[in-house]
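Step one of this worksheet: look at the structure below.
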Amino acid sequence: MGQNLILNAADHGFTVVAFNRTVAKVDHFLENEAKGKSIVGAKSIKEFVSKLKKPRRMMLLVMAGKPVDDFIELLLTEGGVEKGDIIIDGGNSHYPDSNRRTKYLAEKGIRFVGSGVSGGEEGARYGPSIMPGGNEEAWPYIKDVLQSISAKSDGEPCCQWVGDEGAGHYVKMVHNGIEYGDMQLICEAYDIMKRGLGLSGKEMGDVFAQWNKGVLDSFLIEITRDILYFNDDDGTPLVEKILDSAGQKGTGKWTAINALDLGQPVTLIGEAVFARCLSALKSERTRAAGLLEGPKPNFTGNKQEFLDNLEQALYASKIISYAQGFMLMQSAAKEYGWTLHKPEIALMWRGGCIIRSVFLKDITKAYRSNPDLENLLFDDFFNKAIHKAQPGWRDIVSKGALWGIPTPAFSTALSFFDGYRTKDLPANLLQAQRDYFGAHTFRIKPEFANEKYSEAGNHHVNWTGRGGNVSASTYTA
Ligand code: 6PG
1 MGQNLILNAA DHGFTVVAFN RTVAKVDHFL ENEAKGKSIV GAKSIKEFVS
51 KLKKPRRMML LVMAGKPVDD FIELLLTEGG VEKGDIIIDG GNSHYPDSNR
101 RTKYLAEKGI RFVGSGVSGG EEGARYGPSI MPGGNEEAWP YIKDVLQSIS
151 AKSDGEPCCQ WVGDEGAGHY VKMVHNGIEY GDMQLICEAY DIMKRGLGLS
201 GKEMGDVFAQ WNKGVLDSFL IEITRDILYF NDDDGTPLVE KILDSAGQKG
251 TGKWTAINAL DLGQPVTLIG EAVFARCLSA LKSERTRAAG LLEGPKPNFT
301 GNKQEFLDNL EQALYASKII SYAQGFMLMQ SAAKEYGWTL HKPEIALMWR
351 GGCIIRSVFL KDITKAYRSN PDLENLLFDD FFNKAIHKAQ PGWRDIVSKG
401 ALWGIPTPAF STALSFFDGY RTKDLPANLL QAQRDYFGAH TFRIKPEFAN
451 EKYSEAGNHH VNWTGRGGNV SASTYTA
């Protein structure tokens, strides 16, 4: 990643100093990929810092966590960085760490930027999506270089200032959560095609190729097509030989935990994380497969119609996932006092990153025409799209249940949609239960407010005649 970003910056006319604690790596890089380019090497942290123009702009690409703190300390103690210098952390750091580092370095007069960088190695080389946040004083000094090396979408750089403290890494975290959701949705579509319709790798590849020409056109659909077409030396699809036990480095989990902390129903990312956890229980699942029975898929009907429904289910679920992601960011902005510009975030994700898609152009358009849009589902375009997709989506979720093929992400998206559009949910009963066993109190529906039950009051009823009239002192909805 680091080497590729350096090469990318050099291609854009910047002179870059490269440093690695393993000096041999720098030498190898200078003699090979960097040869003939405007890249100079440094053999020590001191030399690295001394070779930079002031205010120094330094970007770290090291593993998230302690290595970032260690490197910052190294820059401070051995490197001799000075007031006004800028340190950018381009790794997948957890946003509370970036909050802390912004404050810590600001106290020393050093400007810290925590920047999400997405797009993998290829993105880093030819144009990633870059999400910088932290000390805004740094932005005028780094804007030109970051926007030059970033991906462009319709000529606009996929790099904008995100916000204070850890806001950049926060937005990258949500990007990764959405990435988990998109991947899980694609995996569910693949499972339904494979086990429900009995399609071959080549046939599924053809479906993804077709989908990549429509509303689902995206990097993840494109690579899925290529993966399904990819045969091993024996001529059979390699993907079928890969152990079905998913790994994760934690960014999706952070998103789900943050959603719980903020009380936001980001259900699809949550299910996507849990689906990875369930997949990792491979040996337990193998035992369960011999013990727990379920129905067998028996497809009858028109295959193409069913595949069209599957496309709609994937599209509608994706709309829900992004709506949830933006709900989360909206809530975080309020909670943490950040100004997160939704149109700019959508723009940054349009190109260069793993979730890049045509779909993000429609999201950018929606938020550009109304930056205060309360929910993506209230936008005309998405409102129409989700209504159009609804019959197919419901067909797929019900078929999954009838055939015993799990669709946690499709299903939770549909449940969210149904819950979100329901004025009266059964939480009235839940509140009654809470009051019954714990005197947790309840509020009354406005239309039933009267002298006994005021609309603003928190009420408690002695449901059994034995519980007494003392209620909990706080009402937490
Ligand atoms: C990106 C990716 C990247 C992430 C990997 C792995 O935007 O380039 O999000 O940052 O590290 O996708 O994530 P998991 O190992 O958690 O799947």
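So in UniProt numbering, spot 203 of the sequence shown is number 203, and the numbers just go up one at a time.
Every residue gets a Cβ at the ideal spot worked out from N, C-alpha and C, and that includes glycine.
DSSP three-state label for residue i, please.
i           : result
residue 176 : helix
residue 293 : coil
residue 395 : helix
residue 159 : strand
residue 195 : helix
residue 89  : strand
residue 83  : coil
residue 108 : coil
residue 133 : strand
residue 283 : helix
residue 372 : coil
residue 200 : coil
residue 321 : helix
residue 337 : coil
residue 215 : coil
residue 94  : coil
residue 343 : helix
residue 308 : helix
residue 1   : coil
residue 99  : helix
residue 253 : helix
residue 8   : helix
residue 139 : helix
residue 184 : helix
residue 145 : helix
Beta-carbon within less than 6 Å of residue i's beta-carbon, same chain only, minus the 5 sequence neighbours each way: which residues are those?
i           : result
residue 74  : 45
residue 248 : 276
residue 316 : 386, 389, 393
residue 179 : 354, 355
residue 199 : 193
residue 123 : 352
Could you pull out every residue in the same chain whose Cβ sits closer than 7 Å to the Cβ of residue i, ignoring the five residues on either side in sequence?
i           : result
residue 373 : 366, 367, 379
residue 297 : 195, 196, 403, 405
residue 2   : 61
Bridge partners for residue i per DSSP, in chain order?
i           : result
residue 231 : 237
residue 380 : DSSP, once it has assigned bridges, lists no residue as partnering residue 380.
residue 164 : 134
residue 152 : 157
residue 114 : 89, 133
residue 357 : 218
Is residue i near the ligand SAM, in the sense that its beta carbon is under 6 Å from a heavy atom of that ligand?
i           : result
residue 122 : Within the structure as shown, the ligand SAM is missing, the only ligands being the ligand 6PG.
Excluding sequence positions up to five away, which residues of its chain have a Cβ less than 8 Å from the Cβ of residue i?
i           : result
residue 105 : 72, 87, 111, 112, 135
residue 81  : 49, 56, 58, 75, 87, 110
residue 204 : 190, 193, 194, 228
residue 37  : 7, 10, 11
Is it true that the stretch 294-307 meets the stretch 371-386, where meeting means three or more beta-carbon pairs spaced less than 8 Å apart?
Verdict: no, contact absent.
Kindly confirm or deny that the stretch 268-285 and the stretch 231-239 touch, where touching means at least three C-beta pairs closer than 8 Å.
Contact between the stretch 268-285 and the stretch 231-239 is absent, with fewer than three C-beta pairs closer than 8 Å.
Spell out a yes or no on whether the stretch 253-267 and the stretch 315-333 are touching, meaning 3 or more CB-CB pairs, one atom from each, closer than 8 Å.
They touch, by the three-pair rule.
Going residue by residue through the stretch 13-64, where are the continuous alpha helix (DSSP H) segments of at least 4 residues, counting only ones entirely within it?
Given a length threshold of 4 residues, each whole run of the alpha helix (DSSP H) inside the stretch 13-64 is given here in chain order: 23-31, 45-50.
So, does the stretch 392-412 touch the stretch 308-317, judging by three or more C-beta pairs under 8 Å?
Output reads yes: the stretch 308-317 touches the stretch 392-412.
Runs of 4 residues minimum, wholly inside the stretch 402-463: which ones carry the alpha helix (DSSP H) assignment?
With a minimum length of 4 residues, the continuous alpha helix (DSSP H) runs that stay inside the stretch 402-463 are 408-420, 427-438.
Evaluate contact between the stretch 164-180 and the stretch 349-361, counting only Cβ atoms and requiring at least three cross-stretch pairs below 8 Å.
The stretch 164-180 makes contact with the stretch 349-361: 3 or more CB pairs, one atom from each, lie closer than 8 Å.
Does the stretch 208-224 touch the stretch 138-145, meaning 3 or more C-beta pairs lie closer than 8 Å?
The stretch 208-224 and the stretch 138-145 do not touch, with fewer than three beta-carbon pairs separated by less than 8 Å.
Do the stretch 147-160 and the stretch 127-134 meet, that is, are 3 or more Cβ pairs less than 8 Å apart?
Counting C-beta pairs closer than 8 Å gives three or more between the stretch 147-160 and the stretch 127-134, which meets the contact rule.
Would the stretch 340-351 and the stretch 155-173 be scored as touching if the rule is three or more Cβ pairs under 8 Å?
With the rule of 3 Cβ pairs closer than 8 Å, the stretch 340-351 counts as touching the stretch 155-173.
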